[in-house]
Amino acid sequence: GAGVSQSPSNKVTEKGKDVELRCDPISGHTALYWYRQSLGQGLEFLIYFQGNSAPDKSGLPSDRFSAERTGGSVSTLTIQRTQQEDSAVYLCASSLVGLAGVHTDTQYFGPGTRLTVL
Amino acid sequence: AQSVTQLGSHVSVSEGALVLLRCNYSSSVPPYLFWYVQYPNQGLQLLLKYTSAATLVKGINGFEAEFKKSETSFHLTKPSAHMRDAAEYFCAVTLGHQLIWGAGTKLIIKP
Numbered sequence: 084g085a086g087v088s089q090s091p092s093n094k095v096t097e098k099g100k101d102v103e104l105r106c107d108p109i110s111g112h113t114a115l116y117w118y119r120q121s122l123g124q125g126l127e128f129l130i131y132f133q134g135n136s137a138p139d140k141s142g143l144p145s146d147r148f149s150a151e152r153t154g155g156s157v158s159t160l161t162i163q164r165t166q167q168e169d170s171a172v173y174l175c176a177s178s179l180v181g182l183a184g185v186h187t188d189t190q191y192f193g194p195g196t197r198l199t200v201l
Numbered sequence: 037a038q039s040v041t042q043l044g045s046h047v048s049v050s051e052g053a054l055v056l057l058r059c060n061y062s063s064s065v066p067p068y069l070f071w072y073v074q075y076p077n078q079g080l081q082l083l084l085k086y087t088s089a090a091t092l093v094k095g096i097n098g099f100e101a102e103f104k105k106s107e108t109s110f111h112l113t114k115p116s117a118h119m120r121d122a123a124e125y126f127c128a129v130t131l132g133h134q135l136i137w138g139a140g141t142k143l144i145i146k147p
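Chains as they are written, first to last, in my numbering: chain A, 84 to 201; chain B, 37 to 147.
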């Protein structure tokens, strides 16, 4: 597609429910990233995919968070048993293949999913 | 460890005045640096990036930034502010495949 798309744009859920957030990267981009942006704060790295593999999951805040990517394209971020502190905007970005170890390629961001946990 | 500090959570300038948004970084290796802009209710958009070529980097919408290794800075400037520049600006530095982000600076333009 023309840009990174994310769905849903807004999600309101009750504490304890599971949610799935979807990201469609730019066609041909092999690298995909998930970030979280909490109110008044910068972005927090969650996970990075190269193809369907996730060589870096170090930013996932707990084992309630998981992500997968299929076909080297669409990615889903799942949050189980949501808590109020999970409320944030979840951003997805994609980029072309980066150089091994150092990524200078521009990351293109989607509009985000605003998650509110009541 | 890499980190980014943006001085001033809010910066207010008059329309037509100089815009200066400050970014200082710490990095144990030569850094790659980025400025992104986030307009209200929109996604992040790349303004410019430094990847060890020219130290003065020109970006979109008349913005530019200068990499100063001695000062570990990458400040963003624009000679003349326009109302449409009102947005939040984020500075970021690479850490491998991650981007490490500053907390952001909200630019307010006074008519």
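Don't be surprised by glycine CBs; every beta carbon is placed ideally from N, CA and C.
In terms of Cβ geometry, residue 117 (chain B) and residue 75 (chain B) do not form a close pair [threshold 8 Å]. Legend: CB atoms of the stretch 75 to 87 of chain B lying less than 8 Å from CB atoms of chain A belong to residues 78, 79, 80, 81, 82, 85 and 87. Beyond the five residues adjoining it in sequence on each side, residue 139 (chain A) comes within less than 6 Å, by CB distance, of 131 in the same chain, given in chain order. Taking a 10 Å sphere around the C-beta of residue 169 (chain A), we find 16 or more other C-beta atoms and assign the residue as buried. Bridge pairing for residue 128 (chain B): B:70 and B:137 [DSSP]. At a Cβ-Cβ threshold of 8 Å, residue 94 (chain A) and residue 198 (chain A) count as neighbours. Between residue 98 (chain B) and residue 83 (chain B) the beta-carbon gap is near 10 Å, outside 8 Å, which marks them as no contact.
Interface flag for residue 143 (chain A) against chain B is unset, since no Cβ pair is found closer than 8 Å. In this structure, the CA atom of residue 145 (chain A) is about 13 Å from the CA atom of residue 128 (chain A).
At a cut-off of 8 Å between beta-carbon atoms, residue 107 (chain A) makes no contact with chain B.
Contact check between the stretch 149 to 168 of chain A and the stretch 40 to 56 of chain B: fewer than three CB pairs, one atom from each, fall below 8 Å, which does not count as touching. One alpha carbon belongs to residue 121 (chain A), the other to residue 77 (chain B), and they sit about 14 Å apart. Around residue 81 (chain B), the same chain offers 72 and 73 as residues with beta carbons nearer than 7 Å, after the five sequence neighbours per side are excluded. Within its own chain, the residues whose Cβ lies closer than 8 Å to the Cβ of residue 102 (chain A), once the five positions on either side in sequence are excluded, are 94, 96, 161, 162, 165 and 198, listed in chain order. Interface criterion met: the Cβ of residue 131 (chain A) is under 8 Å from a Cβ in chain B.
If you check the CB distance, residue 85 (chain A) and residue 119 (chain A) do not come in under 8 Å. Straight-line spacing of the CA atoms in residue 115 (chain A) and residue 106 (chain B) works out to 33 Å. Residue state for residue 145 (chain B) is assigned as strand, using DSSP reduced to three classes. Per DSSP, residue 133 (chain A) is one residue of the beta strand (DSSP E) stretching across 126 to 133. In the three-state reduction of the DSSP assignment, residue 164 (chain A) falls in the coil class. In terms of CA proximity to residue 110 (chain B), B:126 leads the group B:126, B:144, B:37 and B:121. Here DSSP, grouped into helix, strand and coil, assigns residue 120 (chain B) to helix. DSSP lists A:107 as the bridge partner or partners of residue 88 (chain A).
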